[in-house]
Each structure stands twice: as C-alpha cells, then as structure tokens.
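To start, the structure under review is shown below, and the notes come after it.
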Amino acid sequence: QKEVEQNSGPLSVPEGAIASLNCTYSDRGSQSFFWYRQYSGKSPELIMFIYSNGDKEDGRFTAQLNKASQYVSLLIRDSQPSDSATYLCAVNGWGKSSGDKLTFGTGTRLAVRP
Amino acid sequence: GAGVSQTPSNKVTEKGKYVELRCDPISGHTALYWYRQSLGQGPEFLIYFQGTGAADDSGLPNDRFFAVRPEGSVSTLKIQRTERGDSAVYLCASSLGGLGYNEQFFGPGTRLTVL
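So the sequences go chain by chain: W and D. If you're matching positions, the first sequence starts at 9 in my numbering and goes up one per residue. If you're matching positions, the second sequence starts at 68 in my numbering and goes up one per residue.
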C-alpha cells in the first residue's frame, strides 16, 4: 500500500465548476497535510495546508481533513483554465517514524475545459 | 523577498561523472530539504537539514549521494559515479524550522540528465 494515494486522473471539469481532488494516507501519525500545484515543467507551488480536522477555506480553495478516515481533499470552486495542473497531496508525519519530511502522492492531473 | 534558488537549472553529464547541485534557501529559513522527482511521480524525499546538521538522511538511495550545508544556509547535493537512473529533477525546499507544521517552499529544481 502506498503511503499517500491519489487518483492520477485526468480529472476533467468545465470552466466554472467545482473540482474535487482526493487523497488518502496510511500513517495514522501524520500531523500536517499540504496541497501543492505543479504546472508542467515547473516546481511544486504550495497552495493550501491543513492541520486540524474539518474545513479550511482560502479564496476559491477549500481543504478538508478527516483524520479518522485518513482522508484529505481539495475543492476548487469556480474552476478556471489556469487551474489546469497536477495537484500533489503531501503528508508530514513530524515526530513519528517518518520524521519531518513530506511524503507525496503521485498527483492528480486536473484539466479545466473552457 | 527572494525564493529558493537552485543552480544549475539543467545539468547534462556522462555516466560515471561527479556532479554538484546547489541550493540557496529563503533567507531566515533554518530547515532545508532535498527531494527528487521522476516523470509522472511525486517528489521523493532525500535528506533534511536543520541548521548545519543532517537531521534525516534516510532518503538518500546509496552512498554515492551526499549533501552538505556547512554554514547553515546554502546546501550542495553531491552525486558520485552518476548512473543513468539518477536522471531526474532535483528539488530543494526550505521552511522556517523543522517543526512539522511549517510549510515547505520549493525552488525551481535542477534537471539532471545522465547520458
């Protein structure tokens, strides 16, 4: 079982729709959770982080965390063609065996159709 | 302010050669991380520095890989006797401190190609 799992996609949504990206993780000791956006040929760019169960909103982005289900998601409202990218879920297990490092999923490719 | 910088942006080398990749973190960030990313994969952890010391080098694949951060700022990743399988994008990230909750910011990466 991979430590961080994401559907590779592509996830295709029309412009203006809500894009929902999902991620599950295996280490129950994971403490913090991050979403990075990566455009083709570029490096990952941090867009959201969440530490506590529940929802966290930042502009058009909402991160959701459910530690009991070991599940984290990212919602993008009013999707724009410029949101088309690969979204990487990353988990930090600080203090546990995984230490202070990020473990990444393979990413979900999002395509927003004009 | 300036972000994480990495040099060179591209490096092409021949199998068996030695390479050095440099990372300059965000000013004031005490934690520095190296990852590498292969096509279609997420970044894979290599090593993490807190200040000058390597706090976790569990991701280094073998003893051909070594990294230093002598003054607690700039770091150099060194790869000896390069192999074709070392070809990847090497990413550096920094954060305010290795406390687990601090966000990591990535540099543009160095694309290493071993012929």
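Glycine included, every Cβ here is placed at the ideal spot set by N, Cα and C.
Helix, strand or coil for residue i per DSSP?
i: residue 104 (chain W); result: Because residue 104 (chain W) sits at a pLDDT of 49, beneath the cut-off of 50, its placement in the model cannot be relied upon, and the point is left open.
i: residue 121 (chain W); result: strand
i: residue 180 (chain D); result: strand
i: residue 49 (chain W); result: coil
i: residue 89 (chain D); result: strand
i: residue 90 (chain W); result: helix
i: residue 22 (chain W); result: strand
i: residue 152 (chain D); result: helix
i: residue 145 (chain D); result: strand
i: residue 163 (chain D); result: coil
i: residue 114 (chain W); result: coil
i: residue 127 (chain D); result: coil
Chain D partners of residue i, CB-CB under 7 Å?
i: residue 115 (chain W); result: 109
i: residue 52 (chain W); result: 110 and 173
i: residue 41 (chain W); result: Under the 7 Å cutoff, chain D gives no residues; its nearest Cβ is about 10 Å from residue 41 (chain W).
Are the CB atoms of residue i and residue j nearer to each other than 7 Å?
i: residue 72 (chain W); j: residue 86 (chain W); result: no
i: residue 52 (chain W); j: residue 59 (chain W); result: no
i: residue 148 (chain D); j: residue 83 (chain D); result: yes
i: residue 38 (chain W); j: residue 115 (chain W); result: no
i: residue 75 (chain W); j: residue 61 (chain W); result: yes
i: residue 120 (chain W); j: residue 77 (chain W); result: no
i: residue 95 (chain W); j: residue 110 (chain W); result: no
i: residue 127 (chain D); j: residue 106 (chain D); result: no
i: residue 70 (chain W); j: residue 83 (chain W); result: yes
Got a sec, what are the start and stop residues for the beta strand (DSSP E) residue i sits in?
i: residue 82 (chain W); result: 79-84
i: residue 77 (chain D); result: 77-80
i: residue 102 (chain D); result: 98-104
i: residue 71 (chain D); result: Per DSSP, residue 71 (chain D) belongs to no beta strand (DSSP E) and is neither H nor E.
i: residue 75 (chain W); result: Looking at the DSSP string, residue 75 (chain W) is not in any beta strand (DSSP E), and its letter there is neither H nor E.
i: residue 117 (chain D); result: 111-117
i: residue 135 (chain D); result: 132-135
i: residue 63 (chain W); result: 62-66
i: residue 15 (chain W); result: Premise fails: residue 15 (chain W) is in no beta strand (DSSP E) and is neither H nor E.
i: residue 28 (chain W); result: 27-33
i: residue 120 (chain D); result: 120-123
What is the C-beta distance between residue i and residue j, in whole angstroms, given that I count them as a contact (C-beta under 8 Å)?
i: residue 35 (chain W); j: residue 80 (chain W); result: So it is not a contact: roughly 12 Å between Cβ atoms.
i: residue 89 (chain D); j: residue 73 (chain D); result: 7 Å
Which chain D residues are close to residue i, counting only those with a beta carbon under 9 Å from its beta carbon?
i: residue 70 (chain W); result: Result: empty, since nearest Cβ-Cβ is about 18 Å, beyond 9 Å.
i: residue 73 (chain W); result: Here the premise fails: no neighbours, minimum Cβ distance about 13 Å.
Would you mind telling me which residues of chain W sit closer than 8 Å to residue i, beta carbon to beta carbon, in chain order?
i: residue 170 (chain D); result: 42, 54 and 57
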